[in-house]
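S.K.: As they're listed, the protein sequences go chains A and B.
Sequential numbering from 1 applies to the first sequence in my numbering.
Sequential numbering from 1001 applies to the second sequence in my numbering.
Protein chains: 2
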Amino acid sequence: LVNAENLLKTYGSGEVEVKAIRGVNFDIEPASFVSFVGPSGSGKTTLLNMIGCLDTPTDGNLTVADTDVTKLDRNSSARFRGDNIGFIFQDFNLIPVLTAYENIEYPLLMVQNRPAVERKQRVMSLLEAAGIADMKDKFPDQLSGGQKQRVAVARALVTDPKLVLADEPTANLDHATARNILNLMKEMRDSSGTTFIFSTHDPKVMAEAEVTFTLEDGLLKGIRQEGGE
Amino acid sequence: LVNAENLLKTYGSGEVEVKAIRGVNFDIEPASFVSFVGPSGSGKTTLLNMIGCLDTPTDGNLTVADTDVTKLDRNSSARFRGDNIGFIFQDFNLIPVLTAYENIEYPLLMVQNRPAVERKQRVMSLLEAAGIADMKDKFPDQLSGGQKQRVAVARALVTDPKLVLADEPTANLDHATARNILNLMKEMRDSSGTTFIFSTHDPKVMAEAEVTFTLEDGLLKGIRQEGGE
Ligand SMILES: Nc1ncnc2c1ncn2[C@@H]1O[C@H](COP(=O)(O)OP(=O)(O)OP(=O)(O)O)[C@@H](O)[C@H]1O
Ligand SMILES: Nc1ncnc2c1ncn2[C@@H]1O[C@H](COP(=O)(O)OP(=O)(O)OP(=O)(O)O)[C@@H](O)[C@H]1O
Ligand SMILES: [Mg+2]
Ligand SMILES: [Mg+2]
């Protein structure tokens, strides 16, 4: 689903230049669980942001769902994202003036323009699957950290995207709640063929990944396949 | 250092009433590492916020450093916090328009009014101890998740407080970086007699705690002491 060749991302210039991604190459198959691991500052979020068309590479090639995403302009980029990609951000990015329900409903309404009956059914289904149905009318500042994280997860999954980019989706969750979320994701992978790419430090997530890429200082230092070394 | 008796916190009222803390009792000794664990939504952040005078209990007694904090008005509360308590928030709460250095310096300047030479020495010392000295002039939106978390840690420790409340301080950190931060905290406990209270899901943090309180649905369900069951 995703192919990267010599991908490079540099922030700033001159003395404050940071090479966050220094030339990476990888292939990611559809309907898979893939994780990127690595120390803080190694480039995981930067990489997810480029795959998700939220940021543009400085150089290199990047294809997502048969589309060369390095060549998309701003409007095409936004449309491509809305049609294909769900995000779980490291800092959740919930809209403070919308309730949990409305935050999850948002991409169906504003981006995909789905009919009301379908929206309600999809939103309620995910609220229940994430164990937060009784939170649906609460605003983000009335939710615990892990409850907010699960609203972010539900919002990412509600459009049934081809690709979900999950930046540390279990960081604020207790063990049982994290397992519940991972099972929900595995179910979508198996039933809808969704591809999940994780940035993570959580051994539970790593254990589920079929392929694990290890980043260090902007470079891929290792690739581990399930069942392999 | 902290004593709670029949502590209760209720949000909202009537049909939307949430009893986040339902009557808890505990004692916390000075110069200790204590952790509160429990499922998402069990009341950990609510409890830390009350201990830290960021929120008031609905009922019950709460004494911190020999002060009955339930009786402090808004100004006294802010002064007490500034003099005694450092916070690491679940969502970091960095000030976006200040650099990493300035975020860490803020409590020394605006709250404790320390002299310039002392401020610089303390801020640089913590930037280095947290492994982010080369980040000092970056703004929060130029930092990775784990780098922001470490700025939040440094800011909480810079005033050498009696009590540090750390709400999931290692959630976004890789193993080695988390251990580094925990060692820094243990050093402060041993050298300055600082008390650390953690809310956490991280086994590494739990393993270092001398006392672990288990919360479930707003109640204390278990207390485990180091070396005990
Ligand atoms: N907008 C930006 N401007 C300048 N530098 C940046 C920016 N965003 C990230 N960086 C730098 O690029 C590097 C990689 O950042 P990135 O957020 O990808 O790391 P990460 O692997 O996600 O880390 P973490 O595990 O801490 O979240 C870091 O050194 C960071 O400081
Ligand atoms: N401002 C608020 N208004 C209404 N309800 C709230 C508010 N803050 C928290 N709650 C509710 O109180 C309960 C406890 O929240 P708290 O943030 O203390 O949980 P937590 O143990 O820190 O969870 P997590 O591990 O997910 O961070 C939750 O059910 C939450 O929805
Ligand atoms: Mg990151
Ligand atoms: Mg919390």
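Just so it is clear, CB atoms sit at the ideal spot from N, CA and C, and this is done for glycine as well.
Remember, predicted model here, so these are calculated numbers, not experimental data.
Hey, would you say the C-beta of A:L7 is under 7 Å away from at least one heavy atom of ligand 1?
M.R.: For ligand 1, not one heavy atom lies less than 7 Å from the Cβ of A:L7.
S.K.: Should A:K138 be labelled buried (16 or more other beta-carbon atoms within 10 Å of its own) or exposed?
M.R.: A:K138 is buried by the Cβ-count criterion.
S.K.: Would A:T45 pass as a contact of A:N3 if the rule is Cβ separation under 8 Å?
M.R.: It is not a contact, given that the beta carbons lie outside the stated cut-off.
S.K.: Identify the contact partners of B:E1102 in chain A, using a Cβ-Cβ distance below 9 Å as the criterion.
M.R.: Result: empty, since nearest Cβ-Cβ is about 16 Å, beyond 9 Å.
S.K.: Which full runs of the alpha helix (DSSP H) of 4+ residues lie inside the segment 34-94 of chain A, going along the chain?
M.R.: List check, alpha helix (DSSP H) in window: 44-51 and 74-84.
S.K.: Could you confirm whether any beta carbon from chain A is found closer than 8 Å to the beta carbon of B:L1173?
M.R.: Judged by the 8 Å Cβ criterion, B:L1173 is in contact with chain A.
S.K.: If you drop the 5 nearest sequence neighbours on each side, which residues of the same chain put their C-beta closer than 6 Å to that of B:K1009?
M.R.: Once the five neighbours on either side are set aside, the close Cβ partners of B:K1009 are A1020, I1021, T1046, P1057 and T1058.
S.K.: For B:A1176, go through chain A and note every residue whose CB falls closer than 7 Å to its CB, in chain order.
M.R.: Those within 7 Å of B:A1176 in chain A are P39.
S.K.: Of all the CB atoms in chain B, is at least one closer than 8 Å to the CB of A:S13?
M.R.: By this cut-off, A:S13 is not an interface position.
S.K.: Between A:L157 and A:E5, what straight-line distance do the alpha-carbon atoms span, to the nearest angstrom?
M.R.: Their backbone Cα atoms lie some 28 Å apart in a straight line.
S.K.: Can you grab the Cα-Cα spacing for the pair B:Y1106 / A:A65, in whole Å?
M.R.: So the alpha carbons of these two residues sit roughly 46 Å apart.
S.K.: I'd like to check one pair, B:R1189 with B:F1087: are the Cβ atoms closer than 8 Å?
M.R.: Contact flag unset, no.
S.K.: For B:R1155, which residues in the same chain have their Cβ closer than 6 Å to its Cβ, ignoring the five residues on either side in sequence?
M.R.: Cβ neighbours of B:R1155 beyond the five flanking positions: N1103 and I1104.
S.K.: Could you name the residues of chain B that A:V146 contacts, counting a contact when the two beta carbons are closer than 7 Å?
M.R.: As written in the sequence, residue 146 of chain A is Gly, which differs from the Val given in the question. Those within 7 Å of A:G146 in chain B are S1040 and G1041.
S.K.: Since A:S199 is in the alpha helix (DSSP H), which residue starts that stretch and which ends it?
M.R.: Looking at the DSSP string, A:S199 is not in any alpha helix (DSSP H); the run it does join, the beta strand (DSSP E), is T195 to S199.
S.K.: Can you list the alpha helix (DSSP H) stretches of 4 or more residues lying completely in the segment 158-228 of chain A, in chain order?
M.R.: You should have 175-192 and 203-208.
S.K.: Listing by chain order, which chain B residues have their CB less than 8 Å from the CB of A:T45?
M.R.: Per Cβ cutoff of 8 Å: S1144 and G1145.
S.K.: Quick one: does B:D1217 have its CB under 8 Å from some CB of chain D?
M.R.: This model lacks chain D altogether, as its protein chains are A and B.
S.K.: Specify, as a first and last residue, the run of the beta strand (DSSP E) that A:E231 falls within.
M.R.: Here chain A has residues from 1 to 229 only, and residue 231 of chain A is not among them.
S.K.: Quick check: what's the CA-CA separation for B:V1164 versus B:V1151?
M.R.: Between B:V1164 and B:V1151, the C-alpha separation is close to 15 Å.
S.K.: Consult DSSP for B:V1024 and reduce its assignment to one of helix, strand or coil.
M.R.: If DSSP states are grouped into helix, strand and coil, B:V1024 belongs with the strands.
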